[in-house]
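S.K.: The working numbering runs 6 ahead of the 1-based position in the sequence shown.
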Amino acid sequence: MRSLVAIQRVDNAVSTLCLNHRFSADIARIFRWVSKSGDGHLYAAIGVLLALFGGMQGLHFLIVGLLAFAIEVPLFMWLKRRFRRARPQHLPAFITPSDLYSMPSGHTAAAFVMAALLSHFYPEFSHVYWGWAAAIGASRVLLGVHFITDVFVGALLGLACASLALMV
7 MRSLVAIQRV DNAVSTLCLN HRFSADIARI FRWVSKSGDG HLYAAIGVLL ALFGGMQGLH
67 FLIVGLLAFA IEVPLFMWLK RRFRRARPQH LPAFITPSDL YSMPSGHTAA AFVMAALLSH
127 FYPEFSHVYW GWAAAIGASR VLLGVHFITD VFVGALLGLA CASLALMV
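1) Is it the case that the Cβ atoms of I142 and S21 are separated by a distance below 8 Å?
2) For D32, does the count of other Cβ atoms within 10 angstroms reach 16, so buried, or fall short, so exposed?
3) DSSP three-state label for Y128, please.
4) If you draw a straight line from the alpha carbon of K86 to that of D156, how long is it in whole angstroms?
5) Hey, could you find the ends of the alpha helix (DSSP H) P103 is sitting in?
6) Looking only at C-alpha atoms, which of R90, L124, F131, L148 sits nearest to L172?
7) Measuring only the C-alpha atoms, how far is S132 from A121?
8) Go to M109, then tell me how far its alpha helix (DSSP H) extends in each direction, as first and last residue.
9) Looking at the unbroken alpha helix (DSSP H) that takes in S169, where does it start and where does it end?
10) Could you compute how far the alpha carbon of L129 sits from the alpha carbon of R90?
Printed below as a string of structure tokens:
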């Protein structure tokens, strides 16, 4: 129990640091777009375009991606209901969250699924994929809808689901 209290203190301190400065509204304008890029529509478009124009490798990417998300989405939803961790409420949020609970970050989980799969199939731009996934995770904290540990757990979940899908 003490460790959970310590984690919450760290989460509150990081959130306060991120959201209690004079640049937070300016940063929010940029990170709203970054966060929106992780809503899922872009992932579907990438998968379909790669399947249509990327030959067998693109089709394989789509199949593995569908499997990864078939693992990630139900697991993410189960974990949200299991943890029932309230979203940050002591600071302003710059977007309206889709639900009440914060752990794990679904946007981050999905972004890390995509980064892992894109890096596996198309490694020449890995730094871009991982930077984009990290930016999505950071955006969720900077917009005030997640704690840093929600993002960390989301990233681990996404990596685990992508790894499982790649093993099949």
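Just so it is clear, CB atoms sit at the ideal spot from N, CA and C, and this is done for glycine as well.
Note that the structure is a prediction, hence the values are computed from the model and not measured.
M.R.: Considering the structure as presented:
1) Within the sequence shown, residue 142 is the residue found at index 136, counting from 1. Within the sequence shown, residue 21 is the residue found at index 15, counting from 1. No, these two residues do not count as a Cβ contact at 8 Å.
2) Position 26 of the sequence shown, counting from 1, holds the residue named residue 32. D32 should be labelled exposed.
3) Counting from 1 along the sequence shown, the entry for residue 128 is found at position 122. DSSP places Y128 in coil when its eight states are reduced to three.
4) In the sequence shown, the residue the question calls residue 86 occupies position 80. In the sequence shown, the residue the question calls residue 156 occupies position 150. Looking at the two C-alpha atoms, the distance is approximately 10 Å.
5) In the sequence shown, counting from the first residue as 1, residue 103 sits at position 97. From DSSP, P103 is part of no alpha helix (DSSP H); its letter is neither H nor E.
6) Within the sequence shown, residue 172 is the residue found at index 166, counting from 1. When only C-alpha atoms are compared, the closest one is L124.
7) Residue 132 sits at position 126 when you count from the first residue of the sequence shown. Residue 121 sits at position 115 when you count from the first residue of the sequence shown. Their Cα atoms are separated by approximately 7 Å.
8) Counted from its first residue, the sequence shown places residue 109 at position 103. Unbroken run through M109: none, as it is neither H nor E.
9) One-based indexing of the sequence shown puts residue 169 at position 163. First-last of the alpha helix (DSSP H) with S169: 154 to 173.
10) If you number the sequence shown from 1, residue 129 lands on position 123. If you number the sequence shown from 1, residue 90 lands on position 84. Residue identity differs from the one stated: residue 129 is Pro in this sequence, not Leu. P129 and R90: Cα-Cα distance of roughly 36 Å.
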